[in-house]
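Working notes, structure below.
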Amino acid sequence: MSLPYSEKVIEHFKHPRNVGKIDNPDGKAIEGSAACGDMVAVYIKVDKDSKRIENIKFQSYGCASNIATGSIVTELAKGKTIDEAKDISWQQAADELGGLPPIKQHCSVLAVDGLRAAINNYEEKNGLIKNKKATTIEIINKRLKHVMNPITGLDVVKTNLIKKVELINKEIIVIMDIPSNHQFANSLKEDIVEKLEALWDIERVKVEFTE
Amino acid sequence: MDKIYFDNSSSTRMDERVLAEMEPYLFDSYATPTSDFGYSMGTDAKDALRISRETIAKSINALTKEIVFTSGFTESNNLAIKGILKKLKNKKHIIISTIEDFSILNTVKMLEKDGYKVTYIGVDEYGLLNINELKNALRDDTAIVSIQTANQEIGTLQNIKEIAEIVKKKNILLHTDATHAFMRIPINVKEWNLDLMTIDAYTIHGPRGIGALYIKKGTPIKKIMDGGYQEFDKRAGPENIPSAVGFAKAVKLVTKDENIELEKMRDYIIKRIINEIPDTIINGHPTKRIPHNANITFHYVEGESITLHLDMRGIAVSTGSACFSKSLEASHVILGIGGDHERAHGSVRFTFGRFNTKKEIDETVLALKEIIEILRKISPIKKAEA
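Spelled out as structure tokens, the structure:
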């Protein structure tokens, strides 16, 4: 059988490790969305003193490379300190798996992003962000680049769905260039709020629509 | 492990009887038709081509001279649209549906770049054409309307006869891509009042690389590939005699009973999946569909993962998921019927053919039950709690 995937990818696809959900996780993140075709949820438990990842689980709605990367990334992260785990790259995961088709980078990078976002979520919740930089429009835009536009599968910034971003005191207002009755309006709104309200100095996130 | 092939709209296993019919024209009478006054091997070829053309013409109630052989449906669709536009120089408007095959869709998209105007007619949730939209789209400068007979992914059958009545009343040319309906439903080009129709041999266990375009006598069309004067000067290039002979044989081998069998398999797999696997929906029309197509969305899971798991069990199907396609774009057909991306990503197409059996369906349903359970277990998307 000549599949585009390595044996190891197939192995992890058939028997993914660390699948599931952790109740009351110390950190969690969801990357991608069902609408754009791939979605990964990552949950971590972190030891307070050693800052090691004691337990990690993931869930995947996605193709084989998405599932396999989720499996290998969680394997790699388990037992590592959060700083070590942050350095796990897509390339490292791909190498571990014996290579991934380049066209599948978009689907498989989500697991790596998910792990980093879960760690970040943990750090934010526990006041561990070292360089507490005040949130800027630039930082907001960077986060918005992780919100996918389901119509194209590309992020909302690249696809010009963000009309305006305002930062007033501790409140962020995002104005989107879609009508409020748009089929994806609500899911995009939830996604944006989740990504932005974790910022340490933000108290409120408002998403508005053009119509 | 015996392979189970449920992707008969992508390709079919050739029938041995087709190959047997072709063989003499590969090894004995392998000449191309020469002029009427040429050598005998050439005139044999000419006879074989004429007889094949007759068989195919008869199957759709066309005149023999109205059948032009091509290299397949893609070329037929290109010839139909570009050939008409080349002749009708002052008409710059084309109408198609939003769920056409890429050979139509990308042909008109290219023409749009050259300055032509295209109207894309929408379809309802079952894939049926919006007739009012069509009525309003017809213009004085409309050169051609091209609406498929059956959809390649969801199998929905359009009411071509009704569409023809509307289009022909305005004296506009009508083309239909019948690739996925040909020989599987009764087609009568005269009764349907068609100007052009695309057919292909590959969907009916015939040879690959041969199709035809029905061109009604008197239709204004110019060839789009330059070369010799073959095919009534509508398609240049030496004739593919063995494939034409195989095409005709494939036509003769399709029976009414076979189509009834395919329909039974289609209804059986739909019934079993819908009843036995929760959160599944049919894509396409419940009754107005070709006999050999079932298309089902499995919610909360992604299609490429389903197809890969099935493949590891020796079962071949296709999916409308973006991850499966070369372009990484979700099926424009499922999106066209108003489905969201999730519905497209979780859609699986089963298309049946002569060599499939009910037992294969039983094995597939069994495999699917396991696979869907595995994938739903690891999916972060779950059914909303009632």
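As given, the protein sequences belong to chains A and B, one line each in that order. Heads up: the first sequence begins at 1 in this note's numbering, then just goes up one per residue. Heads up: the second sequence begins at 1001 in this note's numbering, then just goes up one per residue. Beta carbons: idealized from backbone N, C-alpha and C, even for Gly. Note that the structure is predicted; figures quoted are calculated from it, not measured.
Contact criterion: CB-CB distance below 7 Å. Does residue i meet it with respect to chain A?
{"i": "B/Glu-1304", "result": "yes"}
{"i": "B/Pro-1278", "result": "no"}
{"i": "B/Ile-1221", "result": "no"}
{"i": "B/Ile-1260", "result": "no"}
{"i": "B/His-1345", "result": "yes"}
{"i": "B/Leu-1308", "result": "yes"}
{"i": "B/Ile-1371", "result": "no"}
{"i": "B/Ala-1178", "result": "no"}
{"i": "B/Ile-1381", "result": "yes"}
{"i": "B/Ala-1322", "result": "yes"}
For residue i, I'd like the list of residues in its chain whose CB is within less than 8 Å of its CB, leaving aside the five on either flank, ordered along the chain.
{"i": "B/Asp-1044", "result": "Ser-1029, Ala-1031"}
{"i": "B/Lys-1082", "result": "Thr-1107, Leu-1111, Ile-1224"}
{"i": "B/Ile-1004", "result": "Gly-1314, Ile-1315, Ala-1316, Asn-1356, Glu-1360, Glu-1363, Thr-1364"}
{"i": "A/Ala-134", "result": "Asp-201"}
{"i": "A/Leu-128", "result": "Tyr-122"}
List the residues that DSSP assigns as beta-bridge partners of residue i.
{"i": "A/Met-176", "result": "A/Ile-162, A/Phe-209"}
{"i": "B/Lys-1117", "result": "B/His-1093"}
{"i": "A/Arg-204", "result": "A/Glu-171"}
{"i": "A/Gln-59", "result": "A/Ala-41"}
{"i": "B/Asp-1398", "result": "The structure shown has nothing for residue 1398 of chain B, since chain B only spans 1001 to 1386."}
{"i": "A/Gly-70", "result": "According to DSSP, A/Gly-70 bridges with nothing at all."}
{"i": "A/Lys-28", "result": "A/Tyr-43"}
{"i": "B/Thr-1280", "result": "B/Phe-1298"}
{"i": "B/Tyr-1005", "result": "B/Ala-1316"}
{"i": "B/Ile-1084", "result": "BP columns for B/Ile-1084 are empty, so no partner."}
{"i": "B/Ala-1212", "result": "B/Phe-1069, B/Ile-1199"}
{"i": "B/Thr-1255", "result": "None, per the DSSP bridge assignment."}
{"i": "B/Ile-1144", "result": "B/Ile-1094, B/Leu-1173"}
{"i": "A/Arg-52", "result": "A/Thr-81"}
{"i": "B/Ile-1185", "result": "B/Phe-1182"}
{"i": "B/Ala-1150", "result": "B/Leu-1157"}
Against chain B, does residue i count as a neighbour if the rule is that its beta carbon must be under 7 Å from one of theirs?
{"i": "A/Tyr-61", "result": "yes"}
{"i": "A/Met-148", "result": "no"}
{"i": "A/Gly-37", "result": "yes"}
{"i": "A/Val-19", "result": "yes"}
{"i": "A/Ala-41", "result": "yes"}
{"i": "A/Ala-64", "result": "yes"}
Please tell me whether residue i and residue j are closer than 7 Å, where the distance is taken between their beta carbons.
{"i": "B/Ser-1379", "j": "A/Tyr-61", "result": "yes"}
{"i": "A/Ile-44", "j": "A/Ile-53", "result": "yes"}
{"i": "A/Lys-163", "j": "A/Ile-178", "result": "no"}
{"i": "B/Glu-1302", "j": "B/Ser-1321", "result": "yes"}
{"i": "B/Asp-1195", "j": "B/Lys-1216", "result": "yes"}
{"i": "B/Ala-1248", "j": "B/Thr-1064", "result": "no"}
{"i": "B/Pro-1242", "j": "B/Leu-1026", "result": "yes"}
{"i": "A/Leu-167", "j": "A/Ile-137", "result": "yes"}
{"i": "B/Asp-1177", "j": "B/Thr-1198", "result": "yes"}
{"i": "A/Ile-139", "j": "A/Val-165", "result": "no"}
{"i": "A/Val-73", "j": "A/Ala-29", "result": "no"}
State the Cα-Cα distance for the pair residue i and residue j, rounded to the nearest angstrom.
{"i": "B/Lys-1168", "j": "B/Asn-1193", "result": "8 Å"}
{"i": "A/Leu-144", "j": "B/Ile-1270", "result": "41 Å"}
{"i": "B/Asn-1240", "j": "B/Thr-1307", "result": "35 Å"}
{"i": "B/Phe-1298", "j": "B/Ile-1381", "result": "12 Å"}
{"i": "B/Ala-1250", "j": "B/Ser-1009", "result": "15 Å"}
{"i": "B/Lys-1091", "j": "B/Asp-1141", "result": "5 Å"}
{"i": "A/Lys-51", "j": "A/Ala-94", "result": "26 Å"}
{"i": "A/Ile-56", "j": "A/Ser-65", "result": "19 Å"}
{"i": "B/Asp-1340", "j": "B/Ala-1143", "result": "33 Å"}
{"i": "B/Ser-1305", "j": "B/Leu-1375", "result": "8 Å"}
{"i": "B/Leu-1128", "j": "B/Val-1189", "result": "20 Å"}
{"i": "A/Phe-209", "j": "A/Val-157", "result": "15 Å"}
{"i": "B/Tyr-1214", "j": "B/Gly-1228", "result": "20 Å"}
{"i": "A/Asn-169", "j": "B/Asn-1136", "result": "53 Å"}
{"i": "A/Ile-173", "j": "B/Lys-1087", "result": "57 Å"}
{"i": "B/Leu-1105", "j": "B/Ala-1062", "result": "26 Å"}
{"i": "B/Ile-1084", "j": "B/Ile-1096", "result": "14 Å"}
{"i": "A/Val-19", "j": "A/Phe-58", "result": "5 Å"}
{"i": "A/Leu-188", "j": "B/Pro-1238", "result": "56 Å"}
{"i": "B/Leu-1173", "j": "B/Val-1145", "result": "6 Å"}
{"i": "B/Ala-1386", "j": "B/Ser-1059", "result": "Its pLDDT being 40, under 50, B/Ala-1386 is placed unreliably by the model, and nothing is read from it."}
Output needed for residue i: all residues of its chain with C-beta closer than 7 Å, excluding positions within five of it in sequence on either side, in chain order.
{"i": "B/Gly-1218", "result": "none"}
{"i": "A/Asp-191", "result": "Ser-33, Val-147"}
With 7 Å as the threshold, decide whether the Cβ of residue i is near any Cβ in chain C.
{"i": "B/Ile-1378", "result": "Considering every chain present, this structure includes no chain C. Its protein chains are A and B."}
Using a Cβ-Cβ cutoff of less than 6 Å, which residues in the same chain neighbour residue i once the five nearest sequence positions on both sides are dropped?
{"i": "B/Ile-1274", "result": "Thr-1280"}
{"i": "B/Val-1254", "result": "Met-1183, Ile-1204"}
{"i": "A/Arg-17", "result": "Ser-71, Glu-75"}
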